[in-house]
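One structure is given below, encoded as structure tokens.
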Amino acid sequence: MFRLFTHHLSNRGEIDVPNILRLRNVYKGYYDYYLYFLTTHPKYINSNHLLIKVLYTLMDYVTIKTDLHRLIEDNHTKICSAARITSSFTKGMIYTKLFYTTNCAVLSTTFTDKQLDWRNERPVRCLNHPFTTMEIFLPPLGNDIIDNRFSAIGIDLFKLARQLRGWLHEQDTNAELTHESLSEFIGQYVLPGMMPEQIDIALRNRIIHLALGEDIPDPTKRERQNIKSIEETIDHELTHLLVKLRTRRLPYYNTLEQIPLLFSDNVMTRLPYEINELSMYSYWLLLLVYVDWFYLAAIVANGNQTTTNIHNLLLRVDRFIYSTDSLTRMPTALRETFIKRYEESRKKISEA
């Protein structure tokens, strides 16, 4: 698998950000409570949603009493083609306002974390989005539409099929349960698994605005008003952290290691290293996933005296784009947006 970032373990001391560490516990408490809330107040999604289509396709396989992993693997291309999901062998399509209020690319991939009870599996995960709200609730993120931006979603079809099989078994064997719809299943069990990445990526987007000295967009709709004060605390802590980081002679990857997130230890541990099984059909999507992380790396390197590594990162990305012909294969609806973001990163690096 090609990695646009390489992870170097740091032997530098960490900068203490105590309030962020405290807020990690707050957010994990919010997340646990929200998961509990959804068990009695499940969210519903539209019957024409992509995930409904994927689940109906998976129904043909999860009811067969055989090795589910092998079954999904043997029929992977057929499933992706039917749902028009991007994979190693299928081009897929760009969806509009599917998970978020942006153009959205959906990638079939494999998440390598350990297998969990079906209720706790996270088969669908956010890989990128442009929003900054730190609220914990299911996508879409409010009513705010960000023009000329994009989001990316990853789906592990085996994990999703395993979760669906477990849910169907419980529906069939537990007489006390009321029969639920696939829409309820998605809202209660599938979409909540997206929230840890959704929150961390929102925090990354706030860091980018803070590092650039820009105002952070405020959503037009909020589910929880107390989140705004938490966001202000986070912004205050991270602003001071960024000032400290610019005084240290650190390579970009060690700088990113010093930036804490809420559901991951830091930026470097949140990077989507596990995206795999790519081909000429899907390399372009890797660029969409990484471009904002690359932009963050360029910004934190700006003003830092140790810039050689960030220039090497730029060279790796350039070679990757050239060798895979990714820009030509990238859908037209996303190409211009990607190029603009990438050129902004190059400009920041040239100024460093």
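If you read the sequence shown in this note's numbering, its first letter stands for residue -9, the second for the next number, and so on. Virtual Cβ for every residue (Gly too), placed ideally from N, Cα, C. It should be emphasised that the depicted structure is a prediction, and the values quoted were computed from it without experimental measurement.
Close CB contacts of Gly203 within its chain, under the 6 Å cut and outside five residues either way in sequence, are absent. Secondary structure note for Leu117: it is in no alpha helix (DSSP H), and the uninterrupted beta strand (DSSP E) holding it is Val114 to Asn118. Secondary structure remark: continuous alpha helix (DSSP H) runs of at least 4 residues inside the stretch 171 to 240, in chain order: 172 to 175, 185 to 202 and 217 to 235. Within the model, the alpha-carbon separation for Asp64 versus Ala151 is close to 14 Å. No Cβ-Cβ contact shorter than 8 Å links Val16 with Pro113.
A Cβ-Cβ separation of about 7 Å places Tyr242 in contact with Leu303 under the 8 Å criterion. Within the model, the alpha-carbon separation for Cys94 versus His119 is close to 9 Å. Just measuring C-alpha positions, the residue of Ile311, His230, Glu221 and Ile176 sitting nearest Asn38 is Ile176.
Here Phe101 carries a coil assignment [DSSP, helix/strand/coil]. In this structure, Ile75 lies near Ser98, with their beta-carbon atoms less than 8 Å apart. Closest by C-alpha distance to Tyr46, out of Arg155, Val96 and Thr123, is Arg155. Only buried fits Leu41, as 16 or more other CB atoms lie within 10 angstroms of its CB.
Distance from the CA atom of Val281 to the CA atom of Tyr332, rounded to whole angstroms, is 7 Å. By the C-beta density criterion, Ser340 is exposed, having fewer than 16 other C-beta atoms within 10 angstroms. Secondary structure at Val96: strand, using DSSP grouped into helix, strand and coil. Taking Val257 as reference, the option from Met270, Thr314 and Arg196 with the minimal CA-CA separation is Arg196. Around the beta-carbon of Phe27, fewer than 16 other beta-carbon atoms lie within 10 Å, marking it exposed. Inter-segment contact for the stretch 245 to 263 and the stretch 305 to 314 is absent: fewer than three beta-carbon pairs are separated by less than 8 Å. Counting only residues of its own chain and dropping the five nearest sequence neighbours on each side, Leu13 has a CB closer than 8 Å to the CB of Ile220, Thr223, Ile224 and Leu252.
If you ignore the 5 residues before and after Ile10, its C-beta comes within less than 6 Å of the C-beta of Glu227 and Pro250, all in its own chain and listed in chain order.
Per DSSP, the continuous alpha helix (DSSP H) segment holding Ser316 begins and ends at Ser316 to Arg319. Across the set His59, Met270, His301 and Ile300, the C-alpha of Met270 shows the shortest separation from the C-alpha of Gly82. Boundaries around Tyr85 are those of the beta strand (DSSP E), Ile84 to Thr86, since no alpha helix (DSSP H) includes it. DSSP places Ser78 in the coil class of the three-state scheme, outside both helix and strand.
Here Trp157 has Trp108, Phe175 and Tyr179 as same chain residues with Cβ atoms under 7 Å from its own Cβ, once five neighbours each way along the sequence are excluded.
CA-CA distance, Ala323 to Ile84, rounds to 8 Å. Going by C-alpha positions, Ser335 is about 22 Å away from Lys234.
Looking at the backbone, the Cα of Asn36 and that of Ala73 are separated by about 16 Å. The Cβ atoms of Ser272 and Ser141 lie no closer than 8 Å to each other. Look at Phe140 here: in three-state DSSP terms it is strand.
Of all alpha-carbon atoms in Gln188, Phe328, Arg239 and Ser316, the one lying nearest the alpha-carbon of Phe89 is that of Gln188. Collapsing the DSSP output to three states places Ile265 in coil. Assigned with DSSP and collapsed to three states, Ile145 falls in strand. Rounded to whole angstroms, Leu106 and Pro32 show a C-alpha spacing of 21 Å.
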